[in-house]
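For reference, the structure discussed in these notes is given below.
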Amino acid sequence: MQQISEGRRFLNPTILAQIGNLELIAKFVVEGFISGLHKSPYHGFSVEFSQYRQYMPGDDTKHIDWKVYGKTDRYYIKQFEEETNLNCYILLDTSQSMAYPSPEDLQEIDAVSETETSGNVEPLSKLRYACFLIASLSYFMAKQKDAVGFAYFDEKVHQYLPARSSASHMHSILLTLENLQSAKETRIGEPLHEIAERLTKRGLVIVISDLYDENPDEVIEGLEHLRYDGHEVIVFHLLSEQEVEFEFERLIRFVDAENDQEIITTPQVIRESYLSNFNEFIDHYRTTLNQSDIDYNLINTSTPIDRALSSYLAKRQGFL
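Residue 1 is where the sequence shown starts when you use my numbering, and the numbers rise one by one after that.
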């Protein structure tokens with residue numbers, strides 16, 4: 001366990017960003033993550049109970065159902081069947097706000113224009129973190145022989161890759177992620193409705209977004225559309241450390257990524273009101289989505305990728 005704990009520091013998102021190659025990152029994260037599970041209950045996404053059969057000499061005793069034995073005084077084995085056609089659809093918001101933070105975003109104003117970042121390491125944007133997360137999820141599901149689809153959107157759907165389970169398809173997803181660029185405008189609700197209409201087979205839908213939209217209720221309606229169509233819906237609400245904690249100190253310029261409006265202020269003046277409004281924004285999504293049986297997960301981009309995966313699997317375990 002100590003070796004795994006020591007190795008986990010390399011799953012720091014900023015360190016991963018220096019690797020560059022998404023496939024290497026995915027392999028590193030997932031294989032390290034799986035090796036750390038040991039005897040956990042997480043054996044896959046799509047292994048389902050099929051039926052009982054009577055125990056035969058040579059059968060693995062770990063599959064004996066002792067509750068059935070207690071009732072019948074006979075040994076019965078649980079049989080499972082692995083479904084290889086679980087469809088998972090990963091939907092990514094690529095609006096301009098997802099490109100935060102860049103070095104310019106963290107520029108504080110003083111005599112020498114110092115920045116919040118240290119050394120030559122650039123901050124990891126929400127979009128880049130999302131790419132790591134999607135690559136890792138795709139790699140993980142490919143190992144489970146599940147089919148993965150991918151779409152990205154801002155105010156409209158720009159690319160839609162249907163769910164497949166082949167290695168070449170996973171490479172197509174990785175290639176798409178490598179060439180992603182953020183867009184200026186966003187309307188999250190409409191693309192979600194469009195994608196919901198495209199999905200003809202029920203499956204697992206993972207939406208990754210910072211959920212910044214002028215009409216949060218339209219976003220919620222789009223997510224509910226997916227849920228009402230019978231999909232299991234998981235939302236990864238991706239936010240940066242700066243957005244969550246607001247620990248700026250010096251005079252700073254804040255620029256709206258999607259309409260270019262800006263203010264220059266001392267952070268201490270607005271911190272209390274900012275955090276109040278920000279927490280209200282988060283609580284609205286969390287409460288409303290949970291009421292609609294949508295699995296809401298807040299992820300800080302400073303969180304190691306394997307920890308984000310652990311949270312996801314814990315939630316997923318609750319749905320099975």
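Glycine residues also receive a C-beta, built at the ideal position from the N, C-alpha and C atoms.
Margin query: List, from N- to C-terminal side, the beta strand (DSSP E) runs of 3 residues or more that fit wholly inside the region 198-258.
Written below: Correct list: 204-209, 232-239, 252-255.
Note to self: Less than 6 Å between C-beta atoms, sequence neighbours within five positions excluded: which residues of the same chain meet that for Asp110?
What the structure shows: The predicted model places Asp110 with a pLDDT of 40, which falls under 50 and marks its position as unreliable; any figure quoted below should be read in that light. For Asp110, the CB contacts under 6 Å within the same chain, skipping 5 residues up- and downstream, are Arg250 in chain order.
Next item on the list: Can you tell me the Cβ-Cβ gap for Tyr135 and Leu22, rounded? I've got them flagged as a contact below 8 Å.
Entry: Reading off the sequence shown, one finds Ala at residue 135, where the question assumed Tyr. Taking C-beta atoms under 8 Å as the contact rule, Ala135 and Leu22 qualify, at a distance of about 4 Å.
Checklist line | Under the three-state DSSP convention, the category Tyr75 falls into | finding: Per DSSP, reduced to three states, the secondary structure at Tyr75 is coil, with no helix or strand assignment.
Item checked: Which of helix, strand or coil DSSP assigns to Asn277 -> Of the three classes helix, strand and coil, the one that applies to Asn277 here is helix, per DSSP.
Next item on the list: Confirm, please, whether the CB-CB distance from His231 to Leu298 is below 8 Å.
Entry: In this structure, His231 does not lie closer than 8 Å to Leu298 by Cβ.
Notebook entry, point to check: Pick from Val157, His193, Val205, Arg307: whose alpha carbon is nearest that of Ser182?
Noted result: The shortest C-alpha separation from Ser182 is found at Val157.
Note to self: Under 8 Å, with one C-beta from each stretch per pair, do the region 124-143 and the region 67-78 reach the 3-pair mark?
What the structure shows: At 8 Å Cβ cutoff, the stretches do not touch.
Notebook entry, point to check: Beta carbon of Pro162, beta carbon of Ser125: below 8 Å?
Noted result: In this structure, Pro162 lies away from Ser125, with their beta-carbon atoms at least 8 Å apart.
Margin query: For Arg322, which residues in the same chain have their Cβ closer than 8 Å to its Cβ, ignoring the five residues on either side in sequence?
Written below: A question about residue 322 goes unanswered here, because the residues of the chain that appear run from 1 up to 320.
Margin query: With H, G and I counted as helix, E and B as strand and the rest as coil, what does DSSP make of Pro13?
Written below: Annotated three-state conformation of Pro13 is helix, per DSSP.
Notebook entry, point to check: Does the beta-carbon distance from Thr186 to Asp213 come in below 8 Å?
Noted result: Remark: C-beta atoms of Thr186 and Asp213 approach each other more closely than 8 Å.
Check: Looking only at DSSP bridge pairs, what is Leu179 linked to?
Finding: A small fix is needed here, since residue 179 is Asn in this sequence, not Leu. Paired residue(s): none; Asn179 is not in a bridge.
Check: In the DSSP assignment, what are the bridge partners of Arg164?
Finding: According to DSSP, which records beta bridges pairwise, Arg164 is partnered with Val148.
Check: Sorted by chain position, which residues of the same chain lie with C-beta nearer than 6 Å to Val205's C-beta, five sequence neighbours on each side aside?
Finding: In its chain, beyond the 5 residues on either side, Tyr89, Leu226, His231, Val233 have a beta carbon closer than 6 Å to the beta carbon of Val205.
Notebook entry, point to check: Quick one: is Val269 buried, meaning 16 or more other Cβ sit within 10 Å of its Cβ, or exposed?
Noted result: When all chains shown are included, Val269 counts as exposed.
Item checked: Tyr323, DSSP secondary structure in three states -> What is shown of the chain runs 1 to 320, which leaves residue 323 out entirely.
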